[in-house]
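Heads up: the sequence lines are chains Z and W, in that order. Everything in the first sequence is counted per UniProt numbering, starting at 1 for the first residue and increasing by one. Everything in the second sequence is counted per UniProt numbering, starting at 1 for the first residue and increasing by one. Glycine included, C-beta positions come from ideal geometry on N, C-alpha and C. Quick caveat, the model's predicted, so the values are computed rather than measured. A short worksheet on the structure shown next.
There are 2 protein chains.
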Amino acid sequence: MPTVEPETAPARVEDDGPHADDSGYRQPEVDVDAMRRLLDGRYGDVRDLVRDNLTEHAQILVDQEQMTTADFRERVKDVVVMMAETGQTGMGFPEEYGGGGDIGASIAAFETLALGDLSVLVKVGVQFGLFGGAILQLGTRHHHDAHLADLVSGRTMGCFAMTESGHGSNVQALGTVATYDAEAQEFVITTPDDTSRKDYIGNAAAHAELAVVFAQLEVGGERHGVHAFVVPVREDGRVLDGVRIEDCGPKMGLNGVDNGRIWFDGVRVPRTALLNQFAEVTPEGRYLSPIDNPNKRFFTMLGTLVQGRVCVGGAGINASKVALTIATRYAVRRRQFEATDPDQEQVLLDYGMHQRRLLPLIARTYALHFAQEVVAGQLHDVFSGPGPIEQGSDEHARRMLESRAAGTKALGTWHATRTIQECREACGGAGYLSENRFAALKADTDVFTTFEGDNHVLLQLVAKGLLTDYAGEFEEMDQLGMARFVAGLAVETVVERTAVHKLVQSVRDLLPGGDTWDQEAGLLDPNYQLAMLRFREEHMIGGVARRLKRGIDQGANAGAVFSRVQDHVIAAARAHTERLVLEAFVSKTAALPDGDLKVALNLLCDLHALTTIEADRAWFMEHGRLSSARSKAISREINALCRKARPLAVDLVDAFGVPEEMLRSPELLGWPIGSDH
Amino acid sequence: MPTVEPETAPARVEDDGPHADDSGYRQPEVDVDAMRRLLDGRYGDVRDLVRDNLTEHAQILVDQEQMTTADFRERVKDVVVMMAETGQTGMGFPEEYGGGGDIGASIAAFETLALGDLSVLVKVGVQFGLFGGAILQLGTRHHHDAHLADLVSGRTMGCFAMTESGHGSNVQALGTVATYDAEAQEFVITTPDDTSRKDYIGNAAAHAELAVVFAQLEVGGERHGVHAFVVPVREDGRVLDGVRIEDCGPKMGLNGVDNGRIWFDGVRVPRTALLNQFAEVTPEGRYLSPIDNPNKRFFTMLGTLVQGRVCVGGAGINASKVALTIATRYAVRRRQFEATDPDQEQVLLDYGMHQRRLLPLIARTYALHFAQEVVAGQLHDVFSGPGPIEQGSDEHARRMLESRAAGTKALGTWHATRTIQECREACGGAGYLSENRFAALKADTDVFTTFEGDNHVLLQLVAKGLLTDYAGEFEEMDQLGMARFVAGLAVETVVERTAVHKLVQSVRDLLPGGDTWDQEAGLLDPNYQLAMLRFREEHMIGGVARRLKRGIDQGANAGAVFSRVQDHVIAAARAHTERLVLEAFVSKTAALPDGDLKVALNLLCDLHALTTIEADRAWFMEHGRLSSARSKAISREINALCRKARPLAVDLVDAFGVPEEMLRSPELLGWPIGSDH
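Below is the structure:
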């Protein structure tokens with residue numbers, strides 16, 4: 001619920017903030033094409049290719065409603081294969097196997113797919129991201145030659161069999177076993193019990209011929225941790241002996257993806273089935289790995305899969321754009337009540353409440369878009385660097401990337417859930433009809449907050465990185481280990497090691513008022529806005545460290561200590577990620593040449609920054625960084641910003657570049673109900 | 001997102017509030033049966049009858065996933081008719097027509113239906129609540145004799161054709177016309193244009209034989225406003241001449257209900273088709289009504305339909321119970337990580353974050369349950385009173401009931417949306433599978449926030465009542481009229497006329513500290529909690545009045561003034577309803593005899609009250625009613641309350657009495673994944 005417009009002192013006549021009537025303000029004209037080019041960034045051509053493909057296959061949005069599940073699954077597969085032929089799904093693979101050789105392009109393509117049917121998106125993610133990505137990143141030449149060309153073209157479909165029923169987020173503890181039989185030079189893959197069945201595996205129930213199976217490697221009676229194997233599961237549509245596959249059955253959404261459960265009963269695969277980028281078993285049964293530490297090895301393997309998280313975050317952000325485009329266009333057509341007086345006829349978006357519902361979400365979508373651009377760019381740079389990944393010199397940078405990907409994924413997918421819901425409600429009963437898109441958007445995106453890492457678990461990962469400064473050993477620590485590690489440090493050490501510590505200091509130097517910067521700086525000064533978010537982040541991290549330390553020092557059970565601090569831990573991670581998001585938006589905007597585009601983006605950036613502060617204004621007040629008067633001033637300023645953004649709203653959503661065919665909603669958008677525009 | 005656990009001062013060792021270690025606290029034992037009887041209230045037998053019926057027809061939860069839409073619609077209809085035979089759907093009708101003669105019982109029965117498939121619920125609501133309710137309340141003996149027995153038994157299906165495409169919440173402006181032809185002694189029903197087609201009409205696309213049609217009555221060239229008519233639309237499954245019906249097509253959920261659009265092209269019905277409780281047309285064409293004022297007549301007619309809102313609010317609250325039961329039971333089975341140390345093995349609900357996610361929602365569900373009991377009881381009393389409704393002496397009380405019903409419906413249905421979403425996420429990927437209930441719960445309840453009155457529109461109605469003290473003319477005022485009306489009063493008048501004004505004073509007298517009651521009173525003193533909510537309500541209403549008055553006094557356009565104040569208006573209405581909800585919970589609890597049940601409910605009531613204050617703690621700080629230290633203390637107290645409620649959680653949800661068959665979720669609940677309990 002939007003914040004209450006605060007009651008005003010008698011002397012103040014309107015609720016306008018000091019900036020609402022700035023005589024210097026001139027409403028910008030938004031050049032929709034230019035804004036769209038800015039959003040599309042360096043991969044505009046790739047995004048346009050995907051938009052064209054989506055438009056060509058727009059009928060699938062109708063098929064999703066009308067087909068049986070079995071037919072729809074086939075239809076989705078066919079569309080995926082047809083899209084593969086255009087090259088859009090293979091951008092991240094080496095050119096010699098039919099790929100595009102550009103990881104950044106592959107992320108841009110995937111994100112853009114989220115404007116269309118999301119079963120197609122997820123099927124693409126499973127086939128080319130998870131399955132294909134595992135072969136590419138965990139395998140070596142042998143596996144590349146054997147599989148990449150076929151999977152890039154969609155001739156061979158595969159699945160990614162990692163998650164198990166009983167082990168959820170704790171991949172390292174999974175139960176499937178791969179035992180090396182030196183005699184036969186084969187691995188024997190077995191599911192020891194029902195908690196170790198592979199679960200929710202996309203592409204498994206109907207289409208996958210191959211599976212990348214994660215299992216505990218056992219050689220000569222010794223366990224070496226989780227490794228990945230290429231295992232045939234189906235041939236000519238028939239499930240192979242020793243493999244049992246069950247359909248997960250109907251789901252809330254994404255029913256074009258065939259999720260299944262898989263059990264292995266002594267399935268034999270050759271020694272070369274081990275994806276051996278990071279470890280090898282010799283024919284005679286010796287285990288070799290360039291990474292001695294088993295934990296480090298495990299997390300290095302897992303780290304190569306970070307692209308999936310970046311992609312899902314981007315998909316959430318882009319799905320939000322579809323909902324906002326529909327709801328905003330509807331809001332400038334529809335009237336809440338009949339006109340009783342022509343002067344007072346107002347469309348929905350003229351109402352303060354409706355502005356408050358939609359405009360901050362548009363601003364936040366822009367913010368997350370630019371934050372996503374940063375993380376996708378970093379991923380591209382890290383994974384496009386020279387030489388095998390494990391030799392990359394900057395492990396610290398890679399851990400920061402993983403952390404940033406985790407945080408952005410969490411915020412981007414929660415944003416999708418919230419935005420799509422708000423937009424549905426803002427379209428009233430019409431929003432409930434399937435042809436108006438919200439039904440599929442809601443149902444299909446709902447699981448984004450869970451898959452590729454549950455958001456709460458991901459934020460704990462982010463916090464662990466912050467608290468340990470991405471120490472070499474941080475990946476191996478569980479939450480309790482992290483609590484003990486932090487307890488071993490001075491709190492000042494924890495705080496000073498975080499990047500934010502120096503940032504807070506440097507931004508304070510930019511602001512007027514010295515120690516009272518938080519009272520003197522202008523609300524629309526981005527340095528003020530950033531300083532607030534940095535202060536919060538630093539303060540929260542310090543607070544978590546202090547509480548963990550105190551608890552452990554007093555000899556309390558580490559589990560109980562962590563349990564009590566957990567929401568604080570998650571809040572610190574969220575505060576960190578919010579700061580990264582705002583920084584991305586501020587620096588994108590600052591880099592623009594002067595002009596209307598910059599004016600419009602500054603407006604959105606202010607709206608995003610202030611609504612972010614407003615949402616947690618209680619915390620800022622509790623921690624002495626916001627007076628109640630200034631808190632109220634922020635709410636007023638947001639209302640003023642909403643009124644300024646109102647005339648730009650349609651252009652701002654049109655710049656998202658959602659193809660008209662993806663919007664559907666003929667009655668919401670197509671003919672004038674209760675409006676003569 | 002739950003509030004951040006605030007960082008603590010160095011002197012404080014744990015984050016426990018002052019009450020967490022109260023030596024006097026003894027953990028209560030919850031007698032599940034006794035708690036359930038308390039929740040079920042005076043209609044326990046009725047609720048059990050419905051539970052039995054739901055269990056008997058539990059297969060429909062599976063059918064919903066597996067059947068085609070056409071088959072599922074038939075199946076839902078059949079179940080509705082079978083349930084009708086047990087009497088559960090006809091509780092509100094006079095006994096002489098096969099009904100139960102008890103309005104309160106009919107609400108209890110309807111609410112309980114929300115534990116099962118919600119298409120059945122909505123179909124029941126359409127047939128017996130909307131269609132049947134209109135015949136009963138707006139019709140007279142003639143209509144009762146002609147239709148009630150058949151509709152109560154389900155032999156005749158009907159629909160309620162009020163909403164039009166272009167007129168949404170503004171029923172008074174609808175476009176369908178009923179012209180009286182004195183010659184033929186018939187009304188001629190016509191849809192003049194596409195914005196006046198009837199839309200989203202449940203039961204219309206397949207099953208209704210009769211429709212109660214709302215149309216502008218025109219007699220002898222004169223318009224008399226909206227009236228209702230019984231119009232045959234189908235015979236032996238064939239749509240009648242002059243009637244055109246279109247299917248609304250697939251929806252996000254509730255696909256067992258056949259929603260349709262209806263157009264009328266000069267359809268003739270006899271003079272007696274007018275539901276003439278409040279108005280009559282004589283054979284020769286004279287219009288007569290006991291209510292002279294056309295606006296008052298319209299709102300009197302509409303007011304008889306308040307039961308629908310009460311029912312939908314209750315349905316939202318009960319659907320939440322299903323989600324919470326599943327998520328809570330899952331949370332005491334599932335572990336987030338493998339046990340590395342047996343002493344520290346924790347199930348999900350042992351984590352502070354998970355407690356914060358679920359336990360306040362359980363507390364709020366209890367609160368809303370008791371608030372719903374109050375509004376349902378008031379409805380029963382008002383509608384069971386002697387004599388025709390329009391002669392009821394206490395119109396003021398009826399307006400307050402309508403307002404309360406509107407507010408409770410808004411809060412109850414938003415609660416459902418939020419709770420079901422949180423519970424789905426708290427069950428991870430498994431929550432996404434249809435067999436685990438959340439898919440249907442989410443999709444089916446989504447429209448609850450919109451139908452039977454959009455929640456934002458309803459809260460504006462609540463605010464209008466508060467601001468005008470339910471003045472006789474208040475129903476006729478649109479928002480702009482309301483703004484002008486309030487501007488004509490002194491602000492003090494507005495505030496003093498509200499019921500809350502005296503309540504704040506009286507509760508302050510109960511609290512220690514005089515003017516500093518907000519700092520001195522104990523956090524767990526219900527008088528303190530109520531005083532906070534009352535203060536907020538009064539302050540917000542005063543603020544709205546002041547801003548409206550100032551704007552209008554300065555000659556600003558009333559539309560612009562209202563637009564700027566709108567979110568404040570809605571917040572005031574919400575604050576009012578929150579106060580009613582807490583009052584209901586406090587007085588229910590206070591009336592219990594001492595014992596464990598009371599201890600447990602006090603715990604929940606405190607948890608609900610403090611989380612309600614915490615959620616808006618920024619407002620309280622901004623308005624001088626909460627110091628930052630006390631605000632932090634409230635958050636700590638909530639954490640302590642969560643830890644106290646943790647051991648009771650399963651019993652508290654089991655007391656909701658959701659039949660096991662309604663939970664499904666075999667894998668979430670049925671066998672021990674990652675747990676040996």
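Discussion item. Which same chain residues end up closer than 8 Å to residue 223 of chain W when comparing Cβ atoms and leaving out the 5 residues on each side of it in sequence?
Written reply: Numbered from its first residue, the second sequence carries residue 223 of chain W at position 223. Result list for residue 223 of chain W: 216 and 217, in chain order.
Worksheet entry | Coarse secondary structure for residue 366 of chain W, derived from DSSP in three states | For the purposes of this step, residue 366 of chain W is identified with residue 366 of the second sequence, where counting begins at 1. Of the three classes helix, strand and coil, the one that applies to residue 366 of chain W here is helix, per DSSP.
Fill in: Inter-stretch contact (C-beta, 8 Å, three-pair minimum) for the stretch 152-164 of chain Z and the stretch 118-133 of chain Z
yes
Worksheet item: Where does residue 246 of chain Z sit, in a helix, a strand or coil, going by DSSP?
Response: By one-based count along the first sequence, residue 246 of chain Z stands at place 246. In this structure, residue 246 of chain Z counts as strand in the three-state DSSP scheme.
Worksheet item: If you check the beta carbons only, do residue 93 of chain Z and residue 87 of chain Z fall under 7 Å apart?
Response: Taking the first sequence and counting its residues from 1, one reaches residue 93 of chain Z at position 93. Taking the first sequence and counting its residues from 1, one reaches residue 87 of chain Z at position 87. No, the pair does not count as a contact, with Cβ atoms beyond the cut-off.
Item to complete: With DSSP collapsed to three states, give me the class of residue 505 of chain Z.
Response: Taking the first residue of the first sequence as 1, we reach residue 505 of chain Z at position 505. It is helical.
Worksheet item: Which full runs of the beta strand (DSSP E) of 3+ residues lie inside the stretch 172-260 of chain Z, going along the chain?
Response: 177-181, 186-190, 198-201, 210-219, 222-232 and 243-247
Discussion item. Strictly below 8 Å CB to CB, what residues from chain Z border residue 258 of chain W?
Written reply: Counting from 1 along the second sequence, the entry for residue 258 of chain W is found at position 258. Per Cβ cutoff of 8 Å: no residues; residue 258 of chain W is ~14 Å from chain Z at best.
Discussion item. When you compare the CB positions of residue 504 of chain Z and residue 546 of chain Z, do they come within less than 7 Å of one another, or not?
Written reply: As a working mapping, residue 504 of chain Z is identified with position 504 in the first sequence. As a working mapping, residue 546 of chain Z is identified with position 546 in the first sequence. Cβ atoms of residue 504 of chain Z and residue 546 of chain Z: not closer than 7 Å.
Discussion item. I'd like to know if the stretch 183-197 of chain W and the stretch 247-256 of chain W are in contact, where contact means that at least 3 CB-CB pairs between them fall below 8 Å.
Written reply: no
Worksheet item: Just the Cα atoms here: how many angstroms apart are residue 492 of chain Z and residue 538 of chain Z?
Response: Residue mapping note: residue 492 of chain Z aligns to position 492 of the first sequence, counting from 1. Residue mapping note: residue 538 of chain Z aligns to position 538 of the first sequence, counting from 1. C-alpha separation (whole angstroms): 11 Å.
Worksheet item: Out of curiosity, what's the CA-to-CA distance linking residue 212 of chain W and residue 52 of chain W?
Response: Along the second sequence, read from residue 1 onward, the residue named residue 212 of chain W stands at position 212. Along the second sequence, read from residue 1 onward, the residue named residue 52 of chain W stands at position 52. If you take the alpha carbons of residue 212 of chain W and residue 52 of chain W, they lie about 32 Å apart.
Worksheet item: Would residue 81 of chain W pass as a contact of residue 202 of chain W if the rule is Cβ separation under 7 Å?
Response: For the purposes of this step, residue 81 of chain W is taken as residue 81 along the second sequence, with counting starting at 1. For the purposes of this step, residue 202 of chain W is taken as residue 202 along the second sequence, with counting starting at 1. No, the Cβ-Cβ distance between residue 81 of chain W and residue 202 of chain W is not below 7 Å.
Worksheet item: Is there at least one Cβ from chain W nearer than 7 Å to residue 288 of chain Z's Cβ?
Response: Within the first sequence, the letter at position 288 stands for residue 288 of chain Z. Chain W contact via Cβ: absent.
Practice prompt. Pull up the DSSP beta-bridge partners for residue 160 of chain Z, would you.
Written response: As a first step, residue 160 of chain Z must be located in the first sequence, where it is residue number 160. Answer by DSSP bridge pairing, in chain order: Z:212.
Worksheet item: residue 248 of chain Z touches chain W at which residues, Cβ-Cβ below 7 Å?
Response: Here the question's residue 248 of chain Z lines up with position 248 in the first sequence. The answer, in chain order, is 433.
Worksheet entry | Cross-chain neighbours of residue 384 of chain W in chain Z, by beta carbon under 8 Å | Here residue 384 of chain W refers to the residue found at position 384 when the second sequence is read from its first residue. Those do not exist, as residue 384 of chain W stays about 32 Å from chain Z at its closest Cβ, beyond 8 Å.
Worksheet item: If you drop the 5 nearest sequence neighbours on each side, which residues of the same chain put their C-beta closer than 7 Å to that of residue 177 of chain W?
Response: For the purposes of this step, residue 177 of chain W is taken as residue 177 along the second sequence, with counting starting at 1. These residues qualify, in order along the chain: 190, 192, 215, 216 and 218.
Worksheet item: Nearest to residue 198 of chain W by CA position, among W:174, W:261 and W:205, is which residue?
Response: Your numbering for residue 198 of chain W matches position 198 in the second sequence. For the residues W:174, W:261 and W:205, the minimum Cα distance to residue 198 of chain W belongs to W:261.
Worksheet item: What separation, rounded to the nearest whole angstrom, lies between the Cα atoms of residue 273 of chain W and residue 44 of chain W?
Response: Taking the second sequence and counting its residues from 1, one reaches residue 273 of chain W at position 273. Taking the second sequence and counting its residues from 1, one reaches residue 44 of chain W at position 44. For residue 273 of chain W and residue 44 of chain W, the distance between alpha carbons rounds to 39 Å.
Worksheet item: Count the other CB atoms within 10 Å of the CB of residue 240 of chain Z; is the residue buried (16 or more) or exposed (fewer)?
Response: Walking along the first sequence from the start, residue 240 of chain Z turns up at place 240. By the neighbour-count rule (16 or more Cβ atoms within 10 Å), residue 240 of chain Z is not buried but exposed.
Worksheet item: Going by alpha carbons, who is nearest to residue 37 of chain Z out of Z:48, Z:29 and Z:28?
Response: Within the first sequence, the letter at position 37 stands for residue 37 of chain Z. Considering only Z:48, Z:29 and Z:28, the residue with the shortest C-alpha distance to residue 37 of chain Z is Z:48.
Worksheet item: What in chain Z is Cβ-close to residue 613 of chain W, meaning under 7 Å?
Response: One-based indexing of the second sequence puts residue 613 of chain W at position 613. Under the 7 Å cutoff, chain Z gives no residues; its nearest Cβ is about 11 Å from residue 613 of chain W.
Worksheet entry | Reduced DSSP category for residue 448 of chain Z - H, G, I as helix; E, B as strand; rest coil | Residue mapping note: residue 448 of chain Z aligns to position 448 of the first sequence, counting from 1. Note: residue 448 of chain Z maps to helix in three-state DSSP.
Fill in: Sequence-distant residues of the same chain with beta carbon closer than 7 Å to residue 414 of chain W, five excluded per side
The residue given as residue 414 of chain W occupies position 414 in the second sequence. Same-chain partners within the cutoff: 449 and 455.
Worksheet entry | Nearest-angstrom Cα separation, counted from residue 303 of chain W out to residue 434 of chain Z | Numbered from its first residue, the first sequence carries residue 434 of chain Z at position 434. Numbered from its first residue, the second sequence carries residue 303 of chain W at position 303. Using only the alpha carbons, I get a separation of about 32 Å.
Worksheet item: Do three or more CB pairs link the stretch 362-369 of chain Z to the stretch 317-326 of chain Z at distances below 8 Å?
Response: yes
Worksheet item: What are the residues of the stretch 447-481 of chain W that lie near chain Z, defined by any Cβ-Cβ distance shorter than 7 Å?
Response: 447, 449, 450, 451, 454, 456, 478 and 480
Practice prompt. At 8 Å on the CB atoms, spell out the chain W contacts of residue 364 of chain Z, in chain order.
Written response: Taking the first residue of the first sequence as 1, we reach residue 364 of chain Z at position 364. Here the premise fails: no neighbours, minimum Cβ distance about 15 Å.
Worksheet item: Which word fits residue 254 of chain W, buried or exposed, when buried means at least 16 other C-beta atoms lie within 10 angstroms of its C-beta?
Response: Numbered from its first residue, the second sequence carries residue 254 of chain W at position 254. It counts as buried.
Worksheet entry | Selection of the stretch 320-335 of chain W by Cβ proximity to chain Z, strictly under 7 Å | none
Discussion item. Rounded to the nearest angstrom, what separates residue 389 of chain Z and residue 411 of chain Z at their Cα positions?
Written reply: Within the first sequence, numbered from 1, the residue matching residue 389 of chain Z stands at position 389. Within the first sequence, numbered from 1, the residue matching residue 411 of chain Z stands at position 411. Reliability fails at residue 389 of chain Z, whose pLDDT of 49 lies under 50, so the model's placement of it is uncertain and the value that follows must be treated cautiously. If you take the alpha carbons of residue 389 of chain Z and residue 411 of chain Z, they lie about 27 Å apart.
Worksheet item: Is residue 566 of chain W close to chain Z, meaning its C-beta is less than 7 Å from at least one C-beta of that chain?
Response: Locating residue 566 of chain W in the second sequence gives position 566, where the first residue counts as 1. By this cut-off, residue 566 of chain W is an interface position.
Worksheet item: If we call anything under 7 Å between Cβ atoms a contact, is residue 463 of chain Z one with residue 531 of chain Z?
Response: For the purposes of this step, residue 463 of chain Z is identified with residue 463 of the first sequence, where counting begins at 1. For the purposes of this step, residue 531 of chain Z is identified with residue 531 of the first sequence, where counting begins at 1. Not a contact, by the Cβ cut-off of 7 Å.
Item to complete: Compute the Euclidean distance between the alpha carbons of residue 207 of chain Z and residue 200 of chain Z, then round it to the nearest angstrom.
Response: The residue labelled residue 207 of chain Z in the question sits at position 207 within the first sequence. The residue labelled residue 200 of chain Z in the question sits at position 200 within the first sequence. Residue 207 of chain Z and residue 200 of chain Z: Cα-Cα distance of roughly 14 Å.
Item to complete: Buried or exposed for residue 502 of chain W, please, with buried defined as at least 16 other CB atoms from any protein chain shown within 10 angstroms of its CB.
Response: Within the second sequence, residue 502 of chain W is the residue found at index 502, counting from 1. By the Cβ neighbour-count rule, residue 502 of chain W is exposed, with fewer than 16 other Cβ atoms within 10 Å of its own.
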